[in-house]
Amino acid sequence: MFRSRDMGRAVAVRRWTPTALECYKRGCNCEGCFYRDFFSGSSQKCQMKASVLELVRVIGTPNVELQQFLIED
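Residues 1118 to 1190 (our numbering) make up the sequence shown, in order.
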């Protein structure tokens, strides 16, 4: 029996799209993402995290700055 993975499945990737870049810059953190609301109440799940990981594996990291997440106590 296979365990379900929560990151989804990656399809064939060819280039960094604006949506994939946004997900990458967010660290694949779904909090506050448009697609989180889009897929809420649906049986489908966002596949962007899997796509971003596949893009990094196949193409490499994009030339963008990552957001800095500050943790306040």
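No residue lacks a Cβ here, since even glycine has one placed at the ideal position from N, Cα and C.
Contact annotation: the segment 1136-1149 touches the segment 1164-1183, with at least three C-beta pairs closer than 8 Å. Contact annotation: residue 1172 and residue 1137 have beta-carbon atoms nearer than 7 Å.
Rounded to the nearest whole angstrom, the CA to CA distance from residue 1182 to residue 1158 is 32 Å.
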